[in-house]
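**Q** Just dropping this structure here.
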Amino acid sequence: MGRSVTEWVNVTGDVSIIARESGEVWFHTPGDTKEGMDPFAAPMTGAGSAGSTVGLLDGALNLGFAEIEKRLARPDPTIAGYVVALAGAYHTSVDTPRNLRRAASRFDELGRPEVAAYLEERAREETGHDRLALKDLHALGVPGERLVANFIPEGIKPLCQRFDALCAEDYPIGSIGYSYCLERIAALKQKSDIETVQALCPDGVDATRFLRSHSSLGSEVTHVEETIGFVASLPANDRIRVVQETYQSALIMAEGYNHELLKSEAAMIEELQRAIGETLPYRPGSYPSQGEKRGARPAA
Ligand SMILES: [Fe+2]
Ligand SMILES: [Fe+2]
């Protein structure tokens, strides 16, 4: 008899996420029912299903972004903002394969070859993504290596530190929650977001390699689907930890993105020029050969 799967995870003291296989998701305050009657008070112990696991993961993401949504900065897009985003994209990609392999070898030691194999596969898939960001920077006339050697966007730092720390844990299952957060957010980017960036760039310049591959048009959609299937197959304790980390990573990501988006274009240009030790090959808001072009601000 196929009973529908219900999963639940307490993500903060007073919020649990409950998700059904059918796709229903809701937030619950533990103890919100008559004492001793709350069926979600104790951690879940049963098997997962793709339908309920994705509900928990996306519920955690939404919760993490919910608070900041009201005060989210929405500046006009600029090339300077895009260059900062590319530097951030480089830093969130460059150590990913090494970090994932470190977590994989720990799971091998722990006698969990299926988790190790999943992380190894992810490490292979993510290899070379930092190069895409560097190529995009070069395409824009920015000395990419020099920029990333001297500059990491302040809002991106805590995110990188979080992933480093998660992959070095004795039981590094949280690394999957972090990866889900980044990939799911990237997979939300649409063709129109890429076109907006292309419109900012000089004619004939292809500076959207990283963005394309980390969008709904690239491999992120498959990565996200595979991760959902894999997380659903994990034991309940692991699923709980992954969902909790998805929430924590979303909080850090939302704070960090907002921090960067709130900066003025002049402040961004100053930071970038200090890092490369020369002026950028364009004036604020434009390219020398182009007039002013504006559209929606992307984050790579
Ligand atoms: Fe990637
Ligand atoms: Fe990916």
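Following my numbering, the numbering of the sequence shown begins with 89 at its first residue and continues without gaps. Note that the Cβ used here is the ideal one computed from N, Cα and C, for glycine as well. From a predicted model like this one, the values you see are computed outputs, not experimental measurements.
Less than 7 Å separating the Cβ of H311 from some heavy atom of ligand 2?
**A** The residue labelled residue 311 in the question sits at position 223 within the sequence shown. Correct: H311 has its Cβ closer than 7 Å to ligand 2.
**Q** Do the CB positions of T296 and V312 come within less than 8 Å of each other?
**A** Sequence index remark: in the sequence shown, residue 296 carries index 208 (1-based). Sequence index remark: in the sequence shown, residue 312 carries index 224 (1-based). No, the pair does not count as a contact, with Cβ atoms beyond the cut-off.
**Q** Taking DSSP's pairing of strands, which residues face E308 in a bridge?
**A** By one-based count along the sequence shown, residue 308 stands at place 220. Beta-bridge pairing links E308 to no other residue.
**Q** Where does H302 fall in DSSP's three states?
**A** As a first step, residue 302 is located in the sequence shown; it is residue number 214 there, counting from the start. If DSSP states are grouped into helix, strand and coil, H302 belongs with coil.
**Q** Quick one: residues in its chain with C-beta nearer than 7 Å to the C-beta of S377, no 5 flanking neighbours on either side, listed in chain order?
**A** As a position in the sequence shown, residue 377 is number 289, starting the count at 1. Bear in mind that a pLDDT of 39 at S377, under 50, signals an unreliable position, so the model cannot answer this.
**Q** Counting only runs that start and end within the region 235 to 271, where is the alpha helix (DSSP H) found for 4 or more residues in a row?
**A** Within the region 235 to 271, the runs of alpha helix (DSSP H) at least 4 residues long that lie entirely inside it are, in chain order, 245 to 255.
**Q** Count the other CB atoms, across all protein chains shown, that sit within 10 Å of the CB of M125; report buried if there are 16 or more and exposed otherwise.
**A** Numbered from its first residue, the sequence shown carries residue 125 at position 37. Exposed: under 16 other Cβ atoms inside 10 Å.
**Q** Leaving out the 5 sequence neighbours to the left and right, which residues in its chain are closer than 7 Å to Q361 when beta-carbon positions are compared?
**A** Reading the sequence shown from its first residue, position 273 is the one you call residue 361. T367, L368, listed in sequence order.
**Q** For the candidate residues Y170, A338, G143, G317, whose alpha-carbon lies nearest to that of W114?
**A** Translated into positions along the sequence shown, residue 114 becomes position 26. Answer by Cα proximity: G143.
**Q** Mind checking which residues open and close the beta strand (DSSP E) that includes T94?
**A** What you label residue 94 is simply residue 6 of the sequence shown in a count that begins at 1. Where T94 is concerned, the enclosing beta strand (DSSP E) stretches over 94 to 100.
**Q** Restricting to Cα atoms, I'd like to know which of A274, A320, G292 is closest to S307.
**A** Taking the first residue of the sequence shown as 1, we reach residue 307 at position 219. The shortest C-alpha separation from S307 is found at A274.
**Q** So is the beta-carbon of S307 under 7 Å away from any non-hydrogen atom of ligand 2?
**A** Stepping through the sequence shown from its first residue, residue 307 is reached at position 219. In terms of side-chain proximity, the C-beta atom of S307 is found nearer than 7 Å to a non-hydrogen atom of ligand 2.
**Q** Please say whether L322 and G136 have beta carbons closer to each other than 8 Å?
**A** Within the sequence shown, the letter at position 48 stands for residue 136. Within the sequence shown, the letter at position 234 stands for residue 322. In this structure, L322 lies closer than 8 Å to G136 by Cβ.
**Q** Have a look at D326, E109, P241 and flag the residue whose alpha-carbon is nearest the alpha-carbon of R91.
**A** Stepping through the sequence shown from its first residue, residue 91 is reached at position 3. Here the closest residue by C-alpha is E109.
**Q** Are T184 and V319 close, meaning C-beta to C-beta below 8 Å?
**A** As a first step, residue 184 is located in the sequence shown; it is residue number 96 there, counting from the start. As a first step, residue 319 is located in the sequence shown; it is residue number 231 there, counting from the start. No, the pair does not count as a contact, with Cβ atoms beyond the cut-off.
**Q** Distance check for E358 and I328, CA to CA, integer angstroms please.
**A** Taking the first residue of the sequence shown as 1, we reach residue 328 at position 240. Taking the first residue of the sequence shown as 1, we reach residue 358 at position 270. Computed Cα separation, rounded: 43 Å.
**Q** Return helix, strand or coil for A363, following the three-state DSSP convention.
**A** Along the sequence shown, one-based indexing puts residue 363 at 275. In the structure shown, A363 sits in a helix (DSSP, three-state: H, G or I).
**Q** DSSP three-state label for R219, please.
**A** One-based indexing of the sequence shown puts residue 219 at position 131. Reduced to three states, the DSSP call for R219 is helix.
**Q** For chain C, find out if any of its Cβ atoms is closer than 8 Å to the Cβ of A130; answer yes or no.
**A** In the displayed structure, chain C is absent; only one protein chain is listed.
**Q** Beta carbon of P246, beta carbon of E348: below 8 Å?
**A** The count along the sequence shown starts at 1 and reaches residue 246 at position 158. The count along the sequence shown starts at 1 and reaches residue 348 at position 260. Pairing P246 with E348 gives a Cβ-Cβ distance that is not under 8 Å.
**Q** Should R382 go down as buried or exposed, given a rule of 16 or more other Cβ atoms within 10 Å for buried?
**A** In the sequence shown, the residue the question calls residue 382 occupies position 294. For R382, the predicted model reports a pLDDT of 36, less than 50, meaning its position is unreliable; a value from the coordinates is still stated below. By the 10 Å Cβ count, R382 comes out exposed.
**Q** According to DSSP, simplified to helix, strand and coil, what is S140?
**A** Looking up residue 140 in the sequence shown gives position 52. Helix, per DSSP.
**Q** Helix, strand or coil for S321? Go by DSSP, reduced to three states.
**A** In the sequence shown, residue 321 corresponds to position 233, counting from 1. Three-state result, S321: helix.
**Q** Taking 7 Å as the cut-off, does the CB of S104 come closer than this to any heavy atom belonging to ligand 1?
**A** For this step, residue 104 is matched to residue 16 along the sequence shown. No, Cβ of S104 sits at least 7 Å from all heavy atoms of ligand 1.
**Q** For V113, which three-state DSSP category applies?
**A** Mapped onto the sequence shown, residue 113 falls at position 25. V113: strand per DSSP, three-state reduction.
**Q** Based on the DSSP output, what are the partners of V103 in its beta bridges?
**A** To locate residue 103, count along the sequence shown from 1; it is residue 15. DSSP, once it has assigned bridges, lists T100 as partnering V103.
**Q** Okay, do the region 255 to 262 and the region 189 to 208 touch, 3+ Cβ pairs below 8 Å being the bar?
**A** Yes, since at least three Cβ pairs between the region 255 to 262 and the region 189 to 208 fall closer than 8 Å, the two stretches touch.
**Q** Comparing the CB of E112 with every heavy atom of ligand 2, is any distance shorter than 7 Å?
**A** Position 24 of the sequence shown holds residue 112. Result no, Cβ not under 7 Å from ligand 2.
**Q** Closest to M356 by CA distance: which of A168, A287, L276 is it?
**A** Taking the sequence shown and counting its residues from 1, one reaches residue 356 at position 268. Selected option, being the one with the closest Cα: A168.
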